[in-house]
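Engineer: My questions will all concern the structure given below.
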Amino acid sequence: MEAGSLLHSPIPWNPKLPVRRRIGSTFPRFFYFRAFSSSSSSSSSSSDSQGGYRGPKPRRDWIADWVSNNDDIVRSLPIYVGGASLLAVLLNRTVSGIAPVADASSSQSRADLLTLGLAVTNILTGLVWLSIRPKSVSVVSPQGVECRRIYSHLPDSVVSELIWVWESLSEVTCCRSLIVVYDSRCVLQIGFAAKSSIVDAEPVAVDANKLMQGSLCQGVIKSGAQSYLANLSLYPGKSELPFLPSNTQAIILQPLGEKGIAIIGGDTIRGFTTSDQAWIALIGEKLDATLAKNVKNVPLAVQDQL
Amino acid sequence: MSKTLSFNPLIPLKMQVIPPQFPAKKTRTKSLSISARLQNQQQQQQLNLSVLRFTLGIPGLDESYLPRWIGYGFGSLLVLNHFVGSDSATTTPAQLSTEVLGLSLAAFSIFIPYLGKFLKGASPADQATIPEGTEQIFVMSQNISDTQKEDLAWATYILLRNTNTIAALISIQGELCARGYWNIPEKVSKANILDWFEGQIERIGLKNLKDTLYFPQSSDSVLWEMLPKGTRSLLVQPVLQVPKPGAIQMEKIEGFVLLASSMSYAYSDKDKAWIGALANKFGGKSLRMDL
């Protein structure tokens, strides 16, 4: 950008050069300006009135984009290439009239063997790529109603942190429901929830005490480690979570210290990757710190008065 | 007030909490990378990879690069065969065509692992390496509230831990937090580190960045002075203040998150999504209001 503007307006950059020399020395001047602009890109931009970003911009990675978009074609490409060259070698042999003998006697057969070896390598690579093609799992829409219940006695900062956790999870992972229970209170219930049969079109409320006493949560809190139930339909403990939509596919139970638990429901079997699990674990620690401070605040105020 | 200063262990001001992936010495062991890759494949549950995988069973050998070595080996043998095997007088056109075919196949085999890196389900074979001669630092602007200090410390910790990052820098409304291995010149004393970072940021103009920058290979990025030696990928994520719905104001730039890694193609789409979500945490909140 700066280089273009410099080339088109030589005069302000070189006021000392007399005008009569301009026509004769246009060629060297182009080099001068180009060298000048490339070597001092940071100082020449001081004339940039906005003070915008002056660094390099990344160029588009055409190959990476093309490969990611045409995944299937690229996977079978080595097979076609290998197979075609295999046929070409045999064809070459027959056309040139040399008997197709696979020994290393003549240099022609040696060259043929090496080419065959390369063709076979390509075919094998293509086969390996095809065999490790990831299976795509379909998304199951959760059956239930949207809800958004936040415990009312929380300060704004805690509420915004909880909302941030929900927004991040729902945008980045396959999470569709989030329940946070802390200190025997349901602090947050957001996303999809099971429809209540008693009150129509109302989401089922979370019975925090019953949840915390249940074996699922007790086990998780005792071990202090995250629990990932990748295919919820296989687990009988599902009955302890009546507030989640019945067709929730995967859940992550993240303990928040010793007093709380976060239940994250997703819509795909094995939908949470290891990266997601790691991030959720650390976010859980942060939530625990925030909520613990918030719960401690009330008795602290009492102590201050002593 | 004094009670809030006793930070919980989430804010590791000492270096011990830095996970064992970032030891002080440069110890790069390939066997670690292979076991991590296998573990990744077994646990990578979103992509259901089948079990068939050709392997020679040699620890430390990356089989996905096998076509490249075979390409080099056979290609050089072909060339050798052409010159040494027979004198050039007796080279038939058939042999020449085979050799041409063989050499182009060899070139294709050499190119194949590069293509394979971009397929779905491919996991990076490298492990992040620690640059030599640099020490870890952890500095933060002092005149911000404790909650924000905790947020920044936690954010840099989670970035260093969960992504292949070796150096992280977060700048929100002019307040900085830098952590990891940075290339700080010796003449800068501990007290002036923050000012030095400010100066570097001013030079590059990072404060006015609106779009995410991602340089997956070191040839793309100009190696800025402050980045550690051996940086191969760079990701700069701007933090934008989300305007309230219904407000006419434009998105304001609050700051940025800068991450450097010693691997190329270090940040996958998922990593970038999580980093974007983390950046949103800082957007829309004023530092001084959080007390």
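Heads up: the protein sequence lines correspond to chains B and S, in order.
Going by the working numbering, the letters in the first sequence line up with residues 1 to 306, in that order.
Going by the working numbering, the letters in the second sequence line up with residues 1 to 291, in that order.
Yeah, the Cβ is synthetic: ideal placement off N, Cα and C, and Gly gets one too.
1. Hey, how far is the Cα of aspartate 309(B) from the Cα of isoleucine 163(B)?
2. Nearest chain S C-beta to serine 170(B) closer than 7 Å, yes or no?
3. Go ahead and label leucine 213(B) buried or exposed: buried means 16 or more other beta carbons lie within 10 angstroms of its beta carbon, across all protein chains shown.
4. Taking just the CA atoms, how far does asparagine 122(B) sit from lysine 222(B)?
5. Does lysine 207(S) pass the burial test, meaning 16 or more other C-beta atoms within 10 Å, or should it be called exposed?
6. Could you give the distance in angstroms between the alpha-carbon of aspartate 183(B) and the alpha-carbon of glutamate 175(S)?
7. Ordered along the chain, which non-local residues of its own chain (more than five positions away) have a Cβ less than 6 Å from that of threonine 231(S)?
8. Buried or exposed for isoleucine 73(B), please, with buried defined as at least 16 other CB atoms from any protein chain shown within 10 angstroms of its CB.
9. Would you mind sorting tyrosine 214(S) into buried or exposed? The rule is 16 or more other CB atoms within 10 Å of its CB.
10. DSSP puts alanine 178(S) in a beta bridge; with which residues?
11. Please confirm if tryptophan 154(S) has its CB atom under 7 Å from at least one CB of chain B.
12. On the DSSP bridge list, what partners appear for lysine 229(S)?
13. Which ranges would you report for the alpha helix (DSSP H) in the region 74–118 of chain S if only whole runs of at least 4 residues count?
14. Taking only beta-carbon atoms, is serine 141(B) less than 7 Å away from chain S?
15. My output table needs one value for phenylalanine 282(S): the three-state DSSP class, helix, strand or coil.
16. Determine, using beta carbons only, whether tryptophan 196(S) and valine 188(S) come nearer to each other than 7 Å.
17. Short of 6 Å in beta carbon distance, which residues of its chain neighbour glutamate 279(S), apart from the five on each side in sequence? Order them along the chain.
18. Apart from the five residues just before and just after isoleucine 112(S), which ones in its own chain have a Cβ nearer than 6 Å to its Cβ?
19. Against chain S, which members of the region 118–144 of chain B pass a CB distance test of less than 8 Å?
20. Go to valine 74(B), then tell me how far its alpha helix (DSSP H) extends in each direction, as first and last residue.
21. Between which residues of its own chain and cysteine 175(B) is the CB-CB distance below 6 Å, once the five residues before and five after are set aside?
22. Opposite isoleucine 261(B) in the DSSP bridges: which residues?
23. Please tell me whether glycine 180(S) and valine 242(S) are closer than 7 Å, where the distance is taken between their beta carbons.
24. To the nearest angstrom, how far is it from the Cα of leucine 244(B) to the Cα of alanine 167(S)?
25. In chain B, which residues lie less than 7 Å from serine 97(S) when you measure between Cβ atoms?
26. Compute the distance between the beta-carbons of glycine 260(B) and valine 206(B), then report whether it is under 7 Å.
27. Determine the DSSP secondary structure at phenylalanine 192(B), reduced to helix, strand or coil.
28. What three-state label does DSSP hand asparagine 294(B) in the structure shown?
29. How would you call histidine 82(S), buried or exposed, if buried means at least 16 neighbouring beta carbons within 10 angstroms?
30. Please identify, using Cβ separations under 8 Å, the residues of the region 152–181 of chain S that lie next to chain B, in order along the chain.
31. Throw me the rounded Cβ distance for the valine 120(B) and phenylalanine 108(S) pair, which I believe falls under 8 Å.
32. Taking the alpha carbon of glycine 191(B) as the point to measure from, which residue in Ile198(B), Glu171(B), Gly271(B) has its own alpha carbon closest?
33. For the alpha helix (DSSP H) that serine 170(B) lies in, which residues bound it at each end?
34. Compile a chain-ordered list of the residues in the region 74–87 of chain B whose CB is closer than 9 Å to at least one CB of chain S.
35. Taking valine 140(B) as the reference, which of Ala193(B), Thr290(B), Thr274(B), Gln249(B) has the closest Cα?
36. Roughly how many whole angstroms lie between the Cα atoms of aspartate 271(S) and threonine 163(S)?
Structural biologist: Taking the coordinates as given:
1. The structure shown does not extend to residue 309(B), since chain B is modelled only from 1 through 306, so no value can be given for it.
2. Sequence index remark: in the first sequence, residue 170(B) carries index 170 (1-based). At a cut-off of 7 Å between C-beta atoms, serine 170(B) does not count as an interface residue with respect to chain S.
3. As a first step, residue 213(B) must be located in the first sequence, where it is residue number 213. Leucine is not the amino acid found at residue 213(B); the sequence shown has glutamine there. The residue is exposed, with fewer than 16 neighbouring Cβ atoms inside 10 Å.
4. On the first sequence, residue 222(B) is found 222 positions in, with the first residue counted as 1. On the first sequence, residue 122(B) is found 122 positions in, with the first residue counted as 1. Rounded to whole angstroms, lysine 222(B) to asparagine 122(B) spans 52 Å at the Cα level.
5. Position 207 of the second sequence, counting from 1, holds the residue named residue 207(S). Burial call: buried.
6. Counted from its first residue, the first sequence places residue 183(B) at position 183. Counted from its first residue, the second sequence places residue 175(S) at position 175. Roughly 35 Å separates the two Cα atoms.
7. To locate residue 231(S), count along the second sequence from 1; it is residue 231. Closer than 6 Å at Cβ, skipping near neighbours: Ala260.
8. Start at 1 with the first residue of the first sequence, and residue 73(B) comes out as number 73. Isoleucine 73(B) is exposed by the Cβ-count criterion.
9. Residue 214(S) sits at position 214 when you count from the first residue of the second sequence. Classification of tyrosine 214(S): buried, given that the 10 Å Cβ count is 16 or more.
10. If you number the second sequence from 1, residue 178(S) lands on position 178. Alanine 178(S) is bridged to Val139(S), Leu169(S).
11. Numbered from its first residue, the second sequence carries residue 154(S) at position 154. Interface residue, yes.
12. What you label residue 229(S) is simply residue 229 of the second sequence in a count that begins at 1. DSSP lists no partner for lysine 229(S).
13. You should have 93–116.
14. One-based indexing of the first sequence puts residue 141(B) at position 141. By the rule that beta-carbons nearer than 7 Å mark a contact, serine 141(B) does not touch chain S.
15. If you number the second sequence from 1, residue 282(S) lands on position 282. Helix at phenylalanine 282(S).
16. What you label residue 196(S) is simply residue 196 of the second sequence in a count that begins at 1. What you label residue 188(S) is simply residue 188 of the second sequence in a count that begins at 1. Yes. Within cutoff.
17. As a first step, residue 279(S) must be located in the second sequence, where it is residue number 279. It is alanine, not glutamate, that sits at residue 279(S) in the sequence shown. Within the same chain, alanine 279(S) has close Cβ partners Gln237, Val239, Val257.
18. One-based indexing of the second sequence puts residue 112(S) at position 112. Within the same chain, isoleucine 112(S) has close Cβ partners Pro67.
19. From the region 118–144 of chain B, only Leu118, Ala119, Thr121, Asn122, Leu124, Thr125, Val128, Trp129, Ser131, Ile132, Arg133, Pro134, Lys135, Val137 have a Cβ closer than 8 Å to chain S.
20. Within the first sequence, the letter at position 74 stands for residue 74(B). First-last of the alpha helix (DSSP H) with valine 74(B): 71–96.
21. Here residue 175(B) refers to the residue found at position 175 when the first sequence is read from its first residue. For cysteine 175(B), same chain residues with a beta-carbon under 6 Å away, outside a window of 5 residues either side, are Leu169, Ile264, Gly266 in chain order.
22. Mapped onto the first sequence, residue 261(B) falls at position 261. Answer is Val181(B), Pro255(B), bridged to isoleucine 261(B).
23. What you label residue 180(S) is simply residue 180 of the second sequence in a count that begins at 1. What you label residue 242(S) is simply residue 242 of the second sequence in a count that begins at 1. Taking 7 Å as the cut-off, the Cβ atoms of glycine 180(S) and valine 242(S) do not count as close.
24. Sequence index remark: in the first sequence, residue 244(B) carries index 244 (1-based). Sequence index remark: in the second sequence, residue 167(S) carries index 167 (1-based). Here the C-alpha atom of leucine 244(B) lies approximately 40 Å from the C-alpha atom of alanine 167(S).
25. The sequence position of residue 97(S) within the second sequence is 97, counting from 1. Within chain B, the residues near serine 97(S) are Asn92.
26. Walking along the first sequence from the start, residue 260(B) turns up at place 260. Walking along the first sequence from the start, residue 206(B) turns up at place 206. Going by C-beta atoms, glycine 260(B) is not nearer than 7 Å to valine 206(B).
27. What you label residue 192(B) is simply residue 192 of the first sequence in a count that begins at 1. DSSP places phenylalanine 192(B) in strand when its eight states are reduced to three.
28. The sequence position of residue 294(B) within the first sequence is 294, counting from 1. The answer is helix: DSSP assigns asparagine 294(B) an H, G or I state.
29. Mapped onto the second sequence, residue 82(S) falls at position 82. Label assigned to histidine 82(S): buried.
30. The residues in question are Trp154, Tyr157, Ile158, Arg161, Asn162.
31. Looking up residue 120(B) in the first sequence gives position 120. Looking up residue 108(S) in the second sequence gives position 108. Actually they are not in contact, since the Cβ atoms of valine 120(B) and phenylalanine 108(S) sit about 13 Å apart, beyond 8 Å.
32. By 1-based counting over the first sequence, the position of residue 191(B) is 191. Looking at the Cα atoms, Glu171(B) is the closest of the given residues.
33. For the purposes of this step, residue 170(B) is taken as the residue at position 170 of the first sequence. Counting along the chain, the alpha helix (DSSP H) containing serine 170(B) begins and ends at 156–172.
34. Cβ contacts with chain S: Val74, Arg75, Leu77, Pro78, Val81, Gly82, Ser85.
35. In the first sequence, counting from the first residue as 1, residue 140(B) sits at position 140. Ranked by Cα distance from valine 140(B), the first of Ala193(B), Thr290(B), Thr274(B), Gln249(B) is Gln249(B).
36. On the second sequence, residue 271(S) is found 271 positions in, with the first residue counted as 1. On the second sequence, residue 163(S) is found 163 positions in, with the first residue counted as 1. If you take the alpha carbons of aspartate 271(S) and threonine 163(S), they lie about 7 Å apart.
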